[in-house]
Every structure is written in C-alpha cells, then in structure tokens.
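Numbering (UniProt numbering), first residue to last: 1 to 328.
Just so you know, even glycine gets a beta-carbon here, dropped at the ideal spot from N, CA and C.
Worksheet: one structure, shown below.
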C-alpha cells in the first residue's frame, strides 16, 4: 500500500500549475520523477491511496474508482500513457481554474489555525433569531438541503449547495471569513460543519433550528424555484430558440465526453458570476447540468442577483439520457 498524496490519483495525476505558468516545466518534471521513478517501480500489485477522489479540484478529472492499484493506473490512467518526461510535461502542463479560497488555505497552512476543539459550536437559532442574523450584510445563507426541497421553499437570498456538493463548491461562491448561516432539514448540521471547517470556513454563526418548517411557522417570507422535466425541454427544442435560452453549466470535459443539447449555451457553474450580464432576463432560462444539483445552485445564484425567469431541468443529463431526446 502506498499513500500518494496529490501526486497520483485514480485516472489522473496531480496539478502542477499552483506555482504559476512560468514554473510548469519545472514542476512537471518533479511530478514525473515522483510518479515514474518512485511510485510506479513499487509494483503493480500495490494498492494506491491518494489524498483525493472524484470531484476534487486538485486534478483535472479524477476517476470514480472505489479503489485502485499501481497496475490499474499504469494501464488505465491516461496521464501515464507517455513515452518520456517531455511528453508528460506537455500533457499535464496546463493552467486550470481553482477556487478563490485556495489563497487563504495556503496562508493558513503556513501560519496555522486554532485547534477545532477550541471552536464554539454553531448556535441553534429560532426563526426570529435567524432573521435577525441575516441582517448582517457580511452574512451568507447556505441551504444544504436537496435540490427538490430548496425548489419548493427556501429563505430569500440563500444559496443552494446540496450537502454532497458543499466541499466542491462553497469555495467558489462564499468569501473566506464570511459569516455563514446554515439551513438543513432541521437536524444539527454536523456533516456540513465538518465540510466547512475542512475547507477553511470556520465563521459559522448558527443554523435554523427546526429547518424551513420553523421558518414557515414563524410567518417568514420564502421563495421558490421553477422546475421543468426533461420531456418538456425536449419538446421545446422544436420551437424557435429566440423564445428560450438553455444554460448548460457542465464543464468542457463533460460536454466532450457526454454530449450537449443543441443550441445550449455553456457557462461552467464556477464561472457563472462573471457572466451574469450575458444572460437574458426577458425569456425563460433553462438551467441544465448532470443531475440537477448544480443547476439548483446556479438558479439560487441568479435569483440572488434578481433574475426571475430561471427554471431548473430536473434530473439533468441522467434524466435526459433515459429518454430519446437528442444530444449533439
């Protein structure tokens, strides 16, 4: 068994761009030496234990393998199918995007942070207390419930990041140091808190006790998000595209490997805030992703910016592929 850290993953290798484009050749050479001269010679039967799994931004495309070995990676990992160091550096030498919180994370790793045992537990807040805390302009409300729960009813101004997506996306949309208020199904958000702490977000003011039900019982205002099924979107493709706008927020790699909807515009979810002014507000805007989770995050961001015509395509590509609807 070998612990490979951020050097070798299932289906990918570590990033070499964090020290800047001018150092790609040097860092690429270091990574090559680590993998080909130290890890691979250990033997094909050795179990590989990397630091990250699928979905991490610490590589371009980590595979969803529950376990792997050096032999499996030697055979299946596309980044290892090279003849020499120069070819490897050329293959991996690209500048990838990474969330803004990385800078804070780097500084924190150097200076150190307070032990988690010394942190105060986030407070359980009544609807009235939660509403009062929302008045702080520096606070952000994160709703970690399912996309369907959020669509039905949510606190105005909250951002939907379903729990399983929280580690991957909170760093793109929430400033480091911001005061965070959490909305769950009502239970203590221990898993959400753990994800936030691990990502460097430790200013968690509290969570809504009793969930959205307590918000309703307190007579507070709520919003909702319109949704559509894939069959309705598929039928709509037969009409004039001037009457609608499809926003596909998947990554370029997903589009290449999975296909895309005809006449859809692609803006990756993490880049959406930089392109608000490119989106129409005078026609229905259908948001499409792999399963619907990221689409709800996008819809919540747009709603927070004042958009009113967005609609989330339920089930995303998974649902689309269960029909005869075409992809290009």
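Buried or exposed for residue i, please, with buried defined as at least 16 other CB atoms from any protein chain shown within 10 angstroms of its CB.
i: residue 134; result: buried
i: residue 3; result: exposed
i: residue 15; result: buried
i: residue 283; result: exposed
i: residue 287; result: buried
i: residue 81; result: exposed
i: residue 27; result: buried
i: residue 107; result: exposed
i: residue 113; result: exposed
i: residue 79; result: buried
i: residue 73; result: buried
i: residue 147; result: buried
Rank the options by C-alpha distance to the C-alpha of residue i and give the top, closest one.
i: residue 151; options: 306, 293, 178, 246; result: 293
i: residue 305; options: 316, 105, 273; result: 273
i: residue 319; options: 253, 246, 228, 188; result: 228
i: residue 268; options: 92, 18, 254, 83; result: 254
i: residue 39; options: 166, 90, 5; result: 5
i: residue 95; options: 83, 113, 311, 59; result: 59
i: residue 295; options: 74, 31, 90, 226; result: 226
i: residue 220; options: 281, 194, 132; result: 132
i: residue 185; options: 198, 197, 214, 194; result: 214
i: residue 125; options: 1, 196, 189; result: 189
i: residue 312; options: 130, 233, 280; result: 233
i: residue 25; options: 7, 85, 1, 41; result: 85
i: residue 157; options: 41, 196, 83, 130; result: 130
i: residue 23; options: 90, 41, 278; result: 90
Inspect the beta-carbon positions of residue i and residue j and report whether they are closer than 8 Å.
i: residue 174; j: residue 203; result: no
i: residue 172; j: residue 270; result: yes
i: residue 12; j: residue 77; result: yes
i: residue 123; j: residue 206; result: yes
i: residue 329; j: residue 153; result: The chain is shown only over 1 to 328; residue 329 falls outside these bounds and no answer can be derived.
i: residue 290; j: residue 317; result: yes
i: residue 183; j: residue 145; result: yes
i: residue 155; j: residue 222; result: yes
i: residue 200; j: residue 104; result: yes
i: residue 170; j: residue 323; result: no
i: residue 309; j: residue 327; result: no
i: residue 9; j: residue 50; result: yes
i: residue 258; j: residue 248; result: no
i: residue 101; j: residue 176; result: yes
i: residue 168; j: residue 53; result: no
i: residue 32; j: residue 57; result: no
i: residue 218; j: residue 128; result: yes
i: residue 166; j: residue 197; result: no
Reducing DSSP to helix, strand and coil, say where residue i ends up.
i: residue 88; result: helix
i: residue 198; result: helix
i: residue 139; result: strand
i: residue 307; result: coil
i: residue 43; result: coil
i: residue 96; result: coil
i: residue 118; result: helix
i: residue 275; result: helix
i: residue 21; result: helix
i: residue 154; result: strand
i: residue 32; result: helix
i: residue 72; result: helix
i: residue 176; result: coil
i: residue 295; result: helix
i: residue 284; result: coil
i: residue 129; result: helix
i: residue 50; result: strand
i: residue 330; result: In the structure as shown, the chain starts at 1 and stops at 328, and residue 330 therefore has no counterpart that could be examined.
i: residue 329; result: With the chain covering 1 to 328 only, the question about residue 329 has no answer from this structure.
i: residue 13; result: strand
i: residue 238; result: coil
i: residue 209; result: coil
i: residue 61; result: coil
i: residue 82; result: coil
i: residue 301; result: helix
i: residue 266; result: strand
i: residue 7; result: coil
Hey, would you say the C-beta of residue i is under 7 Å away from at least one heavy atom of the ligand FAD?
i: residue 106; result: Of the ligands one can find in the structure shown there are none, so the ligand FAD has no counterpart to examine.
Contact criterion: CB-CB distance below 8 Å. Does residue i meet it with respect to chain D?
i: residue 198; result: Included in the structure is just one protein chain, with no chain D present.
- Query: Touch check for the segment 294-301 and the segment 208-215: three-plus C-beta pairs under 8 Å?
  - Reply: These segments do not touch.
Are the segment 128-142 and the segment 260-269 touching by the rule of at least three beta carbon pairs closer than 8 Å?
-> The count of Cβ pairs closer than 8 Å, one atom from the segment 128-142 and one from the segment 260-269, stays below three, leaving the stretches out of contact.
Counting Cβ pairs, one atom from each stretch, are 3 or more of them under 8 Å apart for the segment 34-50 and the segment 107-125?
-> Counting Cβ pairs under 8 Å, fewer than three are found: no touch.
message = Tell me whether the segment 48-65 and the segment 227-246 touch, counting them as touching only if at least three CB pairs, one residue from each stretch, are closer than 8 Å.
response = The segment 48-65, when compared against the segment 227-246, does not touch it at the 8 Å Cβ threshold.
- Query: For the segment 155-168 against the segment 240-247, are there 3 or more C-beta pairs whose distance is under 8 Å?
  - Reply: The answer is no - the segment 240-247 does not touch the segment 155-168, with fewer than three Cβ pairs under 8 Å.
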